[in-house]
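Undergrad:
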Amino acid sequence: MDAIFERRSIRKFKTDKIDNDTIRELIEAGRMAPSAKNRQPWKYLIFSGAKKEVLLNVMDQGLDQALTMVPEQAKPGVTDAKNTLRIMRGAPVIVIVLNTNGRSPFRSELDIFGRITEICDSLSIGASIENILLKATEKGIGTVWIANTFFAHEPLVSFLKTDDQLIGAIAMGYPDEVPVMRPRKSLDDILEFID
Ligand SMILES: Cc1cc2nc3c(=O)[nH]c(=O)nc-3n(C[C@H](O)[C@H](O)[C@H](O)COP(=O)(O)O)c2cc1C
């Protein structure tokens, strides 16, 4: 409960590295998450140093490309992704999160069972990511969960040489800010007892 209440999205990091054993501990927490039909559809790629810069340059170019392609109403989303990219550049570690059963979100050939499977796999990966964020909080490591990689999905998966779905990323590092809690809906707004 302490980690649940203390966790914040951290968007300003110190330059200190996180050692590989610590990262293994975080991913171990992710490994223990529940998953639909126990499919465990997650894979985590850890980027740091020069390789992280190359990855983020690919994302940058992908976002530039997206700006020229998306309809006018989607442009603020891409601009927001540019802001997320700036935050990612400041993090010593970027964890790329893959859905090993998923494929490009831009394909349209999924039938109803395929869509249900994909929703369940996304939920499972969400549970795994949350375990990682909570373990990180417990160890004094700051994280922010990132979905804005979707705007550069195709260039990124091509760079990663994978057919898996890139479902997101986690930027992590030792925190260089102490954000206040962002507002939450009240318990009464989200809870209903039905009998
Ligand atoms: C699925 C998901 C995607 C998110 N994507 C981004 C993102 O791309 N960029 C970003 O800065 N924050 C992102 N966030 C962080 C949210 O903005 C943040 O969790 C929310 O505002 C609540 O703040 P807190 O995490 O400090 O409690 C994401 C969070 C989730 C759960």
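Using our numbering, the first residue of the sequence shown is number 65, and each one after it goes up by one.
Note that the Cβ used here is the ideal one computed from N, Cα and C, for glycine as well.
1) In or out: PHE77 buried (at least 16 other Cβ within 10 Å) or exposed?
2) Our contact map puts ILE234 next to ILE210 with C-beta atoms below 8 Å; I'd like the distance itself, whole angstroms only.
3) Taking 6 Å as the limit between beta carbons, can you name the residues of its chain near PHE215, skipping five residues before and five after?
4) Tell me whether PRO98 sits in a helix, a strand or coil according to DSSP, three-state version.
5) What are the partner residues of PHE77, as DSSP defines its beta bridges?
6) Determine which residues share a DSSP beta bridge with LEU110 and list them.
7) Which residues bound the alpha helix (DSSP H) around VAL221?
8) Tell me whether ALA211 sits in a helix, a strand or coil according to DSSP, three-state version.
9) Comparing the CB of ALA211 with every heavy atom of ligand 1, is any distance shorter than 7 Å?
10) Work out the CA separation of VAL159 and THR263 for me, nearest whole Å.
11) Is any heavy atom of ligand 1 found at a distance shorter than 7 Å from the C-beta of ASP188?
12) Ligand 1 heavy atoms versus the CB of ILE183: any closer than 7 Å?
13) Take the Cβ of GLN229 as the centre, count every other Cβ of all protein chains shown within 10 Å, and call the residue buried at 16 or more, exposed below.
14) Can you tell me the Cβ-Cβ gap for LEU162 and LEU90, rounded? I've got them flagged as a contact below 8 Å.
TA: Here's the rundown:
1) buried
2) 7 Å
3) LEU127, ALA130, VAL142 and ALA145
4) coil
5) PRO239
6) In the sequence on display, residue 110 carries Ile and not Leu. DSSP output for ILE110 lists VAL159 as bridge partner(s).
7) 217 to 224
8) coil
9) yes
10) As shown, the chain starts at 65 and ends at 259. That puts residue 263 outside it, with no answer to give.
11) Strictly speaking, residue 188 in this sequence is Ser, with Asp absent from that position. Answer for SER188: no, Cβ out of range of ligand 1.
12) no
13) buried
14) At roughly 16 Å, the Cβ-Cβ gap does not stay under 8 Å, so LEU162 and LEU90 are not in contact.
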